[in-house]
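As given, the protein sequences belong to chains U and P, one line each in that order. So that you can map any letter, position 134 of the first sequence is 157 in this note's numbering, and since no number is skipped, the others follow by simple counting. So that you can map any letter, position 178 of the second sequence is 180 in this note's numbering, and since no number is skipped, the others follow by simple counting.
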Amino acid sequence: MSTLKALMRVRLASFKQIYLGKSKTKSGKERNKALILAVLLVYVTVTFGIMFVGNFSMMAEAFAAQGLDWVYFAMWALLDFAVMFVGTVFAAKTQLYEAKDNDLLLAMPIKPRDILISRLFTILVINGFINLIISAAAGIMWIVRFPVSPMGAAAFVLVALVLPLFTLAMSALFGFLISLATRRVRNKSVVTTVFSLVFFGAYMYVVNKSTTWIQSLSYMGGYVADALRPVFLLRWIGDAVAKGDAKCLALTLACLLVPFALAVLILDRTFFKNITTVRSAAKKEYKEKSYGVEKSSSALFKKEAARFVSSSGYMLNAGFGAVMAVAAGVLVLVKREFLSLFFSNGAVPPEYLFPILVTGLCLMAAMTDISAPSVSLEGKSLWILRSSPVDAADVLRAKLKFHCAVSGVATLIASVLVCIAVQAAPVQWALGIVLPQLFVAFEGLLGLLCNLKYPILDWENENQAVKTGMAVFIAMFGAMGAVFALGGVWFGLSAFLPAELALCADILLLAAVDALLYRRLVTKGAEAFAAL
Amino acid sequence: MLNIEHLTKKFGEKVAVDDLSLSIAPGEIYGFIGHNGAGKTTTLKSCCGLLRFEEGKIAVCGHDIVADPVGAKRTLAYIPDNPDLYEFLTGIKYLNFVADIYGVGGERAERIKALAERLDLYKDLAQPISSYSHGMKQKLAVIAAWLHEPKLIMMDEPFVGLDPTSSHDLKVMMREHCDRGGAIFFSTHVLEVAEKLCDKVAIIKNGKLVVSGTMEEVKGNASLEDVFLELEK
C-alpha cells in the first residue's frame, strides 16, 4: 500500500513538474509557482464553469418547459463523457502504453498492478476535475429551479461518481488504438500531431457551435428525445435522475461499471506484456546515398526543422498559432460579407476594418512561439553546438530563421487571404504583408532573448521545455501586450493621420524595435549562449 | 597541440581545477586519471570551450580557446562521458550535420562508410538515434569525432558502454590517429587501459595535478594502479 501511495505521489508530482517545471528547493520561487498553478486552476474552473452554467441554464429551462426532464440529464451525461474523453484519451495513450519510466519501475520491487493503478489514478484525477465542473454546473442549474426527489439526487451523485470510471475505460481503449496506430509508423510525431489537431479541431468546432446547437436542441426537445430514446443508457440515466427510478439507476450503474471493470481486468492481465513488448517501426537497413554538402548555416537551420517536426508536443504547443493564422485568414475570406456589413453599419468606422484585421494577424503571430523554447530544447545535447566551430550568433540566427520561416509563411498566407477578402488597395497589400512579417520577427527575437535569460536545460521530458518556464510565458504574453501597444499607437495616430499612414508609423516603430532586438541577440544573446 | 597554462576553474567557492598546466605534443596519447570529482571532466570541458574559466590560458593548435574559440574548435573533437546526441535525427543525418558544420566535402561518404563499418554501425545508420543503445550512441559519437579528421581528440571516459570488440577498435583508431600526427587527450578510470595505451599520463587529485609525464616517468617499475593508489592516500 505504501508503494502505491508513493507511486501516486510521484504521478501528482509529475503533473506539477509538467505544468510548472522543476524546483530543487522549497524557495520563494516554488511558492510563486504554486500560486501561479492555483490561479491557473481557478481561472480554468471559472471560465469553463461559466460556459457550462450558461449552456445548462438554457437547456434546463427549455427541457423542463417541454416536460423532458430526462433529456436534460441525458445531455449532461453525454456532454460530461465527451469532454472527459477528449481531455484524457491522449493522457491514457502516454500514461498506459508509452510511459518512459516503466523499465525503471519494473526493476524496483513494485507490483506491475501498482504501477497500473497509479497510472489509472492520474487519468482519473483529470476526469474528476472535468467532471466536477460539468456536473456541478448541471446539478446546480437544475436544483435551483426545479424540485428533485431524494432518490433522483442520489442517482445524480452516483452517476456523476461512476461516469469518470466509464470514461476511463473508453479512454484506455481508444488510447490503445491510437498508440497501436502511431507506434509502427516512422513519422510518429507527425501522425500524433495530426490526430491531436483533428481532436482539437473537432473540440473547437463543438465548443464554438455548442451554444447554437444547445439553443436549437432546446427548442427541438421532442426531436432530441426521439434521437436519444433508442440509446438505452442515456434514457436510463435520464429516468434514474429525473424520475428517481431505481431500476433505471441499477441498469445505468451496471452499464457504466461493467466496461470499467472489464477494462481494468484486461489491463491488469495485459499490462506487464504491454509495457515489456517492444513494438516499433520496422528496422530499415542503411543504404548508401549521396548527401549534398551544406553550409553550416543551412545545416543548423535543417537541424532546427528536424527538431520541430520530430516532436508533436513542440509542433502543437509552439506552432499552433501558425495553423490558427491560416485558419483565421480563411475565416476572414469566408466571412468577408459579414465583416463588410458589420463595419458599414456605423458602429465602427469602415476604415478601421483593415487595420483591425492586420492587428489580428499580429496577434496570431504572437501565438506562434517556436523560438521561445528552442534554446532550452538543446538540453543535454547542448555540448554538440558548444564544442562545434560555429559562432553562437549563427546558432541563434538559425533558430530565428526557422521561427520566421514557419510563422512567416503561415502569416503571409493569412495576409494574402485578408487582402483578398477586403479587396485591398496596393498600399494596403504592402502594409498588410510587411507589418505582420515584422511582428513575426519580433516574436522570434523576443522568444530567443527570453529563452537565453530563462533557459531550462535539465529537462527530462521535452514538454517541460516547451510548455513551462518564464521564456514561453513572457514571449507569448509579452508579444500579445505588444500587439495591443501597436494597436494603441495606431488608434492614437489615426485621430490625426489617415489609417494607412498610422499603420506606416507602426511599421517604422516595429522595424526599429526589431533592429534593436536583433542587435542585442547577436551580441549579448550570443555571449549568453556561449556561457550556458 | 594542446597547451594548458595555470588553468583554474571555480564553481562558486569550490575550486574544481587549481593551477593546472600540461601540454600535449603531436603523436601523443595522453591519459588523464583521477578519482570521481577530481576535476578531469572540468579540465576537458574547459579545453574545448564548454566551460569558461577564471584563470589561465588554453591553446589548441595555437588557437586560444577564449580569444579564438571557433578556430580552436575547428581543430578538435570532443566526446563527452555521456553521448547525449540529437535523438530526433537518424545516425546518418547526425553524421551529415557534423560534416556540414566542420565543412567536410565530397569525401564524407567514404569516410562515414569506412568508420561506421569499422565500428559495426553502418547498417544501423538509417535508424533514429533515439532507438540506439548506449554503446551505439558512443560509437556514433566516435565516428562523428573522427569524421572531420581533427588534430586533437578529447574524450571523457570513451570506453564506457563499448563492447570488447569496439573497445579494441577504438584503441587501434586512437593509436593510428596519433601515428598520423594527431593527439589524443582522454580521461579514464580503467588504469590497465591507460597503462597499455598511453604515451603520457597525468594524475589529478582535488583539482591539482599531482604527477604527469611519460608512463615510465610516472610509474617506474611499479604498476600504474599502485602509483595511483599511493597518490590517493
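Just so you know, even glycine gets a beta-carbon here, dropped at the ideal spot from N, CA and C.
Please state if the CB of U/S517 and the CB of P/L87 are separated by a distance shorter than 8 Å.
Residue 87 of chain P sits at position 85 when you count from the first residue of the second sequence. Residue 517 of chain U sits at position 494 when you count from the first residue of the first sequence. In this structure, U/S517 does not lie closer than 8 Å to P/L87 by Cβ.
Residue-chain proximity (U/Y314, chain P), Cβ-Cβ < 8 Å
Taking the first residue of the first sequence as position 1, residue 314 of chain U is located at position 291. Yes, U/Y314 counts as interfacial toward chain P.
P/N5 - DSSP class collapsed to helix/strand/coil:
To locate residue 5 of chain P, count along the second sequence from 1; it is residue 3. Strand, per DSSP.
Sorted by chain position, which residues of the same chain lie with C-beta nearer than 8 Å to P/L22's C-beta, five sequence neighbours on each side aside?
Within the second sequence, residue 22 of chain P is the residue found at index 20, counting from 1. Hits under 8 Å: I6, H8, L9, T10, G41, T45, G58, I206, G209, K210 and L211.
Proximal chain P residues relative to U/K306, where beta-carbon distance stays under 7 Å:
Taking the first sequence and counting its residues from 1, the one referred to as residue 306 of chain U is at position 283. The answer, in chain order, is Q129.
Give the secondary structure of P/A128 by DSSP, where H, G and I count as helix, E and B as strand, and everything else as coil.
Looking up residue 128 of chain P in the second sequence gives position 126. Note: P/A128 maps to coil in three-state DSSP.
Starting from P/P160, find everything on chain U with Cβ-Cβ shorter than 8 Å and list it in chain order.
In the second sequence, counting from the first residue as 1, residue 160 of chain P sits at position 158. The premise fails here: P/P160 is roughly 15 Å from chain U at the closest Cβ pair, so nothing lies under 8 Å.
Going by beta carbon distance, what residues of the same chain come within less than 7 Å of U/G383, once the five residues before and after it are set aside?
Locating residue 383 of chain U in the first sequence gives position 360, where the first residue counts as 1. Taken in chain order, the residues that qualify are A351.
Sufficient close CB pairs (3 or more, under 8 Å) joining the segment 404-423 of chain U to the segment 311-320 of chain U
yes
Considering only DSSP beta bridges, list what P/E57 is partnered with.
Translated into positions along the second sequence, residue 57 of chain P becomes position 55. According to DSSP, which records beta bridges pairwise, P/E57 is partnered with P/T10.
Residue burial classification, P/H65 (beta-carbon count within 10 angstroms, cutoff 16)
As a first step, residue 65 of chain P is located in the second sequence; it is residue number 63 there, counting from the start. It is buried - the Cβ of P/H65 has at least 16 other Cβ atoms within 10 Å.
Report back the beta-carbon spacing between U/F460 and U/G504 to the nearest angstrom; my notes put them in contact at under 8 Å.
In the first sequence, counting from the first residue as 1, residue 460 of chain U sits at position 437. In the first sequence, counting from the first residue as 1, residue 504 of chain U sits at position 481. Looking at the sequence itself, residue 460 of chain U is Gln, so the reference to Phe does not match. U/Q460 to U/G504, Cβ: 20 Å. No contact.
Just mark U/D103 as buried or exposed, buried being the case when its beta carbon has 16 or more other beta carbons within 10 Å.
Looking up residue 103 of chain U in the first sequence gives position 80. Buried, by the Cβ-count rule.
Return the CA-CA distance between U/D392 and P/V17, expressed in angstroms with no decimal places.
Reading the first sequence from its first residue, position 369 is the one you call residue 392 of chain U. Reading the second sequence from its first residue, position 15 is the one you call residue 17 of chain P. C-alpha separation (whole angstroms): 40 Å.
Contacting positions in the segment 54-85 of chain P - beta carbon closer than 7 Å to chain U:
R54, V72, K75, R76, Y80 and P82
Taking 8 Å as the cut-off, does the segment 164-181 of chain P touch the segment 521-536 of chain U (at least 3 CB pairs, one atom from each stretch)?
no
Considering U/I163, what are the terminal residues of the alpha helix (DSSP H) in which it resides?
By 1-based counting over the first sequence, the position of residue 163 of chain U is 140. It spans P135 to I166 - the alpha helix (DSSP H) in which U/I163 sits, taken as one unbroken run.
Residue-chain proximity (P/F187, chain U), Cβ-Cβ < 8 Å
Against the second sequence, residue 187 of chain P aligns to sequence position 185. So no, P/F187 is outside the interface.
Output needed for U/R168: all residues of its chain with C-beta closer than 8 Å, excluding positions within five of it in sequence on either side, in chain order.
The residue given as residue 168 of chain U occupies position 145 in the first sequence. Excluding sequence neighbours, U/R168 sits near A83, E84 and A87.
I'd like to know if U/A329 contacts chain P, where contact means its C-beta is closer than 8 Å to some C-beta of that chain.
As a first step, residue 329 of chain U must be located in the first sequence, where it is residue number 306. Taking Cβ atoms only, chain P reaches closer than 8 Å to U/A329, which makes this a yes.
Enumerate in chain order the residues of its own chain whose CB-to-CB distance from U/L468 is below 7 Å, with the five nearest sequence positions on each side excluded.
Translated into positions along the first sequence, residue 468 of chain U becomes position 445. Same-chain partners within the cutoff: L423, D537, L540, Y541 and L544.
Within 8 Å (strictly less), CB to CB, does P/F34 reach chain U?
Start at 1 with the first residue of the second sequence, and residue 34 of chain P comes out as number 32. Answer no: the Cβ-Cβ gap between P/F34 and chain U never drops below 8 Å.
Under the three-state reduction of DSSP, which class applies to P/L229: helix, strand or coil?
Walking along the second sequence from the start, residue 229 of chain P turns up at place 227. Here residue 229 of chain P is Val; the residue named in the question, Leu, does not match the sequence. If DSSP states are grouped into helix, strand and coil, P/V229 belongs with the helices.
Using a Cβ cut-off of 9 Å, pull out every chain U residue sitting near P/G51, in sequence order please.
For this step, residue 51 of chain P is matched to residue 49 along the second sequence. Under the 9 Å cutoff, chain U gives R409, S410 and A553.
Checking the sheet assignment: what are the DSSP bridge partners for P/Y80?
Within the second sequence, numbered from 1, the residue matching residue 80 of chain P stands at position 78. According to DSSP, which records beta bridges pairwise, P/Y80 is partnered with P/M156.
Compare the C-beta of U/V413 against all C-beta atoms of chain P and say whether one is closer than 8 Å.
Start at 1 with the first residue of the first sequence, and residue 413 of chain U comes out as number 390. Yes - at least one Cβ of chain P is within 8 Å of the one on U/V413.
Quick one: is U/Q118 buried, meaning 16 or more other Cβ sit within 10 Å of its Cβ, or exposed?
Here residue 118 of chain U is taken as the residue at index 95 of the first sequence, counted from 1. Its Cβ being crowded by 16 or more others within 10 Å, U/Q118 is buried.
Please determine if the segment 154-162 of chain U and the segment 176-192 of chain U are in contact, where contact requires at least 3 C-beta pairs separated by less than 8 Å.
yes
Contact between the segment 105-121 of chain U and the segment 217-226 of chain U is defined here as three or more beta-carbon pairs at a separation below 8 Å; is this criterion met?
yes
Output yes if chain U places a C-beta closer than 8 Å to the C-beta of P/G108; else output no.
The sequence position of residue 108 of chain P within the second sequence is 106, counting from 1. With 8 Å as the cut-off, P/G108 counts as an interface residue toward chain U.
Give a yes or no on whether the minimum CB-CB distance between P/E151 and chain U is below 8 Å.
Taking the second sequence and counting its residues from 1, one reaches residue 151 of chain P at position 149. Closer than 8 Å: no.
In the structure shown, what three-state DSSP assignment does P/A185 receive?
Along the second sequence, read from residue 1 onward, the residue named residue 185 of chain P stands at position 183. P/A185: strand per DSSP, three-state reduction.
Using CA atoms only, rank isn't needed, just tell me which of P/G137, P/G73, P/L149 and P/S132 is closest to P/N98.
Position 96 of the second sequence, counting from 1, holds the residue named residue 98 of chain P. Looking at the Cα atoms, P/L149 is the closest of the given residues.
Tell me the start and end of each unbroken alpha helix (DSSP H) in the segment 402-461 of chain U that is at least 4 residues and wholly inside, in chain order.
405-409 and 415-444
Whole-angstrom distance between P/K202 and P/C49, CA atom to CA atom
Stepping through the second sequence from its first residue, residue 49 of chain P is reached at position 47. Stepping through the second sequence from its first residue, residue 202 of chain P is reached at position 200. Their backbone Cα atoms lie some 18 Å apart in a straight line.
Enclosing beta strand (DSSP E) for P/V213 [first to last residue]:
Along the second sequence, read from residue 1 onward, the residue named residue 213 of chain P stands at position 211. Note, P/V213: beta strand (DSSP E), K210 to T216.
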